[in-house]
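These notes concern the structure reproduced below.
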Amino acid sequence: MNSSSRQRRLTGVAVTALAVAVTATACSSGSGGSAAQGADSGTYTVWDPYPQFDKTSDWAKLLDECGTKAGVKVKRTAFDTSDLGNKTLLAAQQGNSPDVLVVDNPVVSTLAEAGVLTTTDDNKLDTSKVDPNLLAAGQSGGKTYGTPIGANTLALYYNKDVLKAAGVDAASIKDWKSLTAALAKVKKAGKKGITFSAIGTEEGSFQFLPWFWGSGAELTELDSAQAASALSLWKDWLQNGYAPNSVLNNTQTTSWQEFAGGDYAFGENGTWQLANAKKTGFDYGVLPIPAATSGNAAAPTGGEFVTVPVQEDSGRYATSQKLVTCLTSGENLYTTDTTLSYVAPTSEVQDKQVAANADLKPWVDAVKAAKGRTSDDLGTKYPKISEQMWRAVQSALSGSKSPEDALSEAQSAAK
Amino acid sequence: MHHTTQLPDHRSAAVRTGAATAAPPPARSGKRRRPTSTQWAAWAFLAPVTLYLALFYAYPLYRNLDLSLRDYTVRSFVQGDAPFTGLANYRKILDDPTFAPALLHTVVFTAVCLLFQYAVGLALAVFFHQNFRLSATLRALFLVPWLLPLIVSASTWSWMLNSDSGVVNALLSALGFDPVNWLTSPSWSLTSVTVANIWIGVPFNLVVLYSGLQSIPASLYEAAALDGANAWQRFWRITFPLLRPVSAITLLLGLVYTLKVFDIIWIMTKGGPADSSTTFATWSYQLGFGNLLPAFGPGAAVGNLLVVAALVFGLVYVRAQRKQALS
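Going line by line, the protein sequences match chains A and B.
Heads up, the working numbering is the position in the first sequence plus 121, with the first residue counted as 1.
Heads up, the working numbering is the position in the second sequence plus 15, with the first residue counted as 1.
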């Protein structure tokens, strides 16, 4: 190759590289500019995981109202709930965090660990009225990172017609033994027993937890004998045909659809299906999930926390605090939780909800007995434990490992 | 008119480059020549595509590599101060108990899918090449799997293969067989996603191979027929060898597409139960996004292994092509 042509080519490469660099800096300064615009002092951004609510919904209207009261404009963006955690991490990395973030409660400890959220010491949120078992999901290392907007949890829906045909009295179900006996009767009567979700995601762990905790097991010790008894309970149901094999792939929605089909006696599902339960066309009831020997199992709490992410300009917290307080206090909290079909996090509003709708009574009781997944200061250890737990459930139910082996493997992997 | 004015220009350019490569004048090499305006224009034309490649290909690849070489926790991801840990993430995934099964599943899934997609696609292409009545309509119908959004076809497959209410098990029990847990048994889940993926991949093979068939001159077949070759011989002696270049590119593209298949597996089985249908693609996602606490580093490392695998086969293809061109 001739040297002059090589030189020419080199110059060209250099020029192109320069052009790339110039454009890249132009881009980055451009995005910096838009971020500054987003942080405009009169506009406050709110992210929530409720894409089902559009501009005309009560939730969106409430946000606008609260903004007007605080003297600012509210810009709301709704994300899919499974997406919101990662979106928030990315935004924080870019210095673009929203002013107010409504996020699923087990994600709070992860975001707090990442340093994305302010504590209630910084943002001056008042959490004194919130039920402590619900608030615990947003606490780690002795600090509180937000306030719950509402809670939901799991219980057993049952189909009164199916139970009647099988000759089962719902009131007789007090523990695992009586529940399994009921399932046997239902199967004998030619109906289907119980459906739940044991899918290989967080949903699977969420659904397994009431049984896990109901056995007396602890999340810090996945390989305990109690844990194995809970997993064996599910496995035996599958083996005996009391529960369908499809639970391994069921989300909570598909499991609900199976129950709503009318053939199943029981379905493990959440508060949020209450409105759909009325549309099924059969008479249903709700039972708290029984513990292994007596009493009710603690179910995991679901539902979101309202948090205030860290901002460069700490002067914004005062207004954010006003917004959050507006969303989570008194009358507004009642509106919000009715819209979301959640149980309120304060006993004051819970009483009001039960007064207005007696159907909510078992759910309020269940929420009072419920336990946060990241509680007991598990924090960011929970996601790892949970992943190993759902894997163990999948291994055991699909028959690839015995419950004991699956759980002891899970325990060593979660450490 | 236009043509004639352009001609001298062309020729002079050819002469110039010819002279430059053949005999460089010694006087020129010492002094730095200023780029002429045409060269500037050439670089200006090149700049947009270079920029595009750099921004949308090179930079993401670089970021992915960077992610895989650092120890990212959620905290260091946000603060951007993740320590450089060299190949620690790669060592971590190599030691992971999921690695060996994931590798095996990826290889089996890719090989079986490619084999069947290609064989069925070729058979159908030859079949439709006979141009019978309605063949165009039927061929169009075969394209449906390709046109459907993956979420639709994968969800439909998972409904059909549902253990309790799926149509496949209903058919099996009507025929007197035991139902099979297609998606929820560790011994069947990989088979189920493979079958679904073959169904989705056949149309692509059909279309490309069919167009390859059309470029084979009909006279060859006539000559072969005159020589007394039967249909089987015509296929193995004419069609198959002449389709070789088209087959090679079909298989290469199919390989790249199949290696990275994620949606179908994720929607149908989530890689489970118990990792029995986990491939590198789903494992990478599982690590990076499948958990409340993302492990970006190992996730990126698995993704990079996939990129490297695709690249290796790409190079093999380029090499083979060059050899073919030379011979």
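Ideal placement from N, C-alpha and C gives every residue a C-beta, glycine not left out.
All values reported here derive from a predicted model rather than from experimental measurement.
CB contact check: residue i to chain A, cutoff 8 Å
| i | result |
| --- | --- |
| N306(B) | yes |
| G95(B) | yes |
| L198(B) | yes |
| N79(B) | no |
| F92(B) | yes |
| A185(B) | no |
| T284(B) | yes |
| P201(B) | yes |
| S230(B) | no |
| A7(B) | In the structure as shown, chain B begins at 16 and stops at 342. Residue 7(B) is therefore absent and cannot be evaluated. |
| S292(B) | no |
| D86(B) | no |
| N177(B) | yes |
| V89(B) | yes |
Inter-residue Cα distance where the pair is residue i and residue j
| i | j | result |
| --- | --- | --- |
| Y67(B) | A57(B) | 16 Å |
| T446(A) | S468(A) | 17 Å |
| V322(B) | F71(B) | 15 Å |
| K194(A) | N370(A) | 43 Å |
| G311(A) | G382(A) | 15 Å |
| G442(A) | P253(A) | At residue 442(A) the sequence reads Gln, which differs from the Gly that was named. Distance between the alpha carbons of Q442(A) and P253(A): 20 Å. |
| G267(A) | Y300(B) | 29 Å |
| L198(B) | S521(A) | 14 Å |
| P524(A) | N244(A) | 46 Å |
| G288(A) | A513(A) | 35 Å |
| K306(A) | V429(A) | 51 Å |
| A69(B) | F60(B) | 15 Å |
| T88(B) | K285(B) | 24 Å |
| Q360(A) | K313(A) | 13 Å |
| L238(A) | V327(B) | 44 Å |
Selection from the options that minimises the alpha carbon distance to residue i
| i | options | result |
| --- | --- | --- |
| A490(A) | A517(A), A535(A) and P411(A) | P411(A) |
| P466(A) | P365(A), F327(A), W484(A) and A477(A) | W484(A) |
| Y133(B) | S342(B), I264(B), L302(B) and V93(B) | I264(B) |
| N207(A) | V229(A), T189(A) and K190(A) | V229(A) |
| Q432(A) | C187(A), G335(A), G236(A) and G263(A) | G236(A) |
| L320(B) | A117(B), Q54(B) and G95(B) | A117(B) |
| K298(A) | V283(A), T322(A) and D357(A) | D357(A) |
| A239(B) | F250(B), Q229(B) and G95(B) | F250(B) |
| S230(B) | L221(B), N245(B), W214(B) and V261(B) | V261(B) |
| Y332(B) | G305(B), L266(B) and F295(B) | L266(B) |
| T401(A) | Y385(A), S415(A) and G416(A) | Y385(A) |
| P537(A) | D296(A), N390(A) and T209(A) | As displayed, chain A neither begins before 122 nor continues past 536, which places residue 537(A) out of reach and without an answer. |
| V271(B) | C128(B), L258(B), F304(B) and S226(B) | C128(B) |
Chain B within 8 Å of residue i, Cβ atoms only
| i | result |
| --- | --- |
| T501(A) | yes |
| V464(A) | no |
| S350(A) | no |
| R197(A) | no |
| N366(A) | yes |
| N226(A) | no |
| T401(A) | no |
| A305(A) | no |
| P504(A) | yes |
| A272(A) | no |
| Q214(A) | yes |
| V429(A) | no |
| L369(A) | yes |
| A235(A) | yes |
For residue i, the three-state DSSP class (helix, strand or coil)
| i | result |
| --- | --- |
| R494(A) | coil |
| L267(B) | helix |
| A272(A) | strand |
| S261(A) | strand |
| Y463(A) | coil |
| I315(A) | strand |
| L277(A) | strand |
| Y133(B) | helix |
| F403(A) | coil |
| N245(B) | coil |
| L408(A) | strand |
Rounded Cβ spacing between residue i and residue j (contact assumed at less than 8 Å)
| i | j | result |
| --- | --- | --- |
| Q532(A) | E339(A) | No, Q532(A) and E339(A) are not in contact; Cβ-Cβ is about 11 Å, not under 8 Å. |
| E425(A) | D204(A) | With 8 Å as the limit, E425(A) and D204(A) do not qualify as a contact, their Cβ atoms being about 14 Å apart. |
| I253(B) | N212(B) | Rounded, the Cβ-Cβ distance is 31 Å, inconsistent with contact. |
| G388(A) | T459(A) | Wrong, their Cβ atoms sit about 23 Å apart, outside the cutoff. |
| W334(A) | L354(A) | Not a contact, Cβ separation roughly 13 Å. |
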